[in-house]
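Take a look at the structure below.
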Amino acid sequence: MDEKLIGKAIEVYNANFSSRTWFGRCIFLSWYCDIGTCEFCFRSTVKHKIRHASSAKRSKESILCDAIIGKNLGWRIEFLTGGYRIFSFEDQIEICRLVSEIYGHKIWINLGTVGKDELQKLQPYVEGVCASIECVDPDLHNRICPDKPIEPYSKMLKQAKEMGFKTSCTIVVGLGETHEDFELLAEFISEHELDRITFYALKPIQGTRFTESPLPDEYAWWVAMTRVRFPLLEIMAGLTPKRAEEYAGLLLRAGANGLTKYPAVKRFGSAQAHEVERQIKESGRKFEGSLTELPDVDWDMEVERLGLDEELKEKVKGKLKEYVEGMKRGSV
Ligand code: SF4
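Note that the numbering used here has the sequence shown beginning at -9, numbered continuously upward.
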């Protein structure tokens, strides 16, 4: 790793942020995506499409469970995502309302391109809008995401900003980008006045042509370069489960504010989750929340206070029990 760059990133980070760090959890509305053609994505594989039909959506109770567990474990919500055109817009608003109520503040969404009228209706519950850009080099983008042009997302980000939302985008490292593309990324961040960026490491998926995640140093280079160029930008960095131990501490030293994209419920309390926490500590950060210890919570009471109708309330309570027991056993 370029130690000089990392040193600079640490210096810039320390000059602008506290030592706090956190885990940002994405809450999925469904596993299906109706674009489904981005070359690197598991949703583009035939196997995935067979398993998750276009009509498949997550139940409301499991979505609400994610939020209740996340809040009580001290995890932030990275964004509510997925389910493009699967839930009706009215349902999406209702889910945003409930999740923001659980957290006690407005949330972020990453729900594809959302128009002005829809943004207006979401505004009471949503503070930030994220666009999944994936990569900024136009040629690479056209090849990798043939049915997800950047332009509509760019328009949405500008519109959302004008309306007073915070904005962000996601970038995947390992798709074939070069270091020269950093200037394009910097331009994109400046042009859209982004408040946050989320980096992910490419996760190789069987059935796609991608076979390798980026080397940790390469991944951290993008984070560190972004930190140095944009001292106040919130940077989130994803851990892929296979390489979480190689990435966690390094990404924080490179200037990430928080970590995301880790199967925190599935791997709750695992040796790997302990190692991630150890690296957080070793990098001088204080972790909000936990990936390893369940707090003592009256889970039924957490549901009671939401004012849900009886049927949904009972379903959420039942689902929560399953989740919590599974987390205790390490088998969700
Ligand atoms: S990257 Fe996003 S838009 Fe593209 S197929 Fe996957 S989920 Fe759908």
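Glycine included, C-beta positions come from ideal geometry on N, C-alpha and C.
Treat the numbers as computed from the prediction; the structure is a model and nothing was measured.
Per-residue burial, histidine 182 [other beta carbons within 10 Å of its own, 16 or more giving buried]: buried
Check whether the segment 114 to 132 and the segment 165 to 178 are in contact - that is, three or more C-beta pairs closer than 8 Å. yes
Can you grab the Cα-Cα spacing for the pair glycine -3 / proline 114, in whole Å? 41 Å
Is any beta-carbon of chain C found at less than 8 Å from that of leucine 249? The structure shown has no chain C; it contains just one protein chain.
Is cysteine 120 closer than 8 Å to phenylalanine 79 when the C-beta atoms are compared? no
What does DSSP give as the partner residues of tyrosine 190 in its beta bridges? Val162
Just checking my contact of cysteine 28 with threonine 71 at CB under 8 Å: how many whole Å lie between their CB atoms? Going by Cβ atoms, the distance from cysteine 28 to threonine 71 rounds to 14 Å, so no, they are not a contact pair.
Own chain partners of leucine 222 with C-beta closer than 8 Å, once the 5 adjacent residues on each side are dropped: Asn6
Cutoff 6 Å; reference lysine 305; Cβ partners in own chain excluding five residues on either side: Glu51
Looking at the ligand SF4, does it come within less than 7 Å of glycine 228, judged from the CB to the closest heavy atom? no
Lysine 276 to tyrosine 93, Cα distance in whole Å? 21 Å
From which residue to which residue does the beta strand (DSSP E) around threonine 250 run? 248 to 250
Hey, is the segment 231 to 251 in contact with the segment 206 to 217, meaning 3+ C-beta pairs nearer than 8 Å? yes
Once DSSP output is grouped into helix, strand and coil, what is the label at serine 20? coil
Going by the C-beta, is threonine 27 closer than 7 Å to any heavy atom of the ligand SF4? yes
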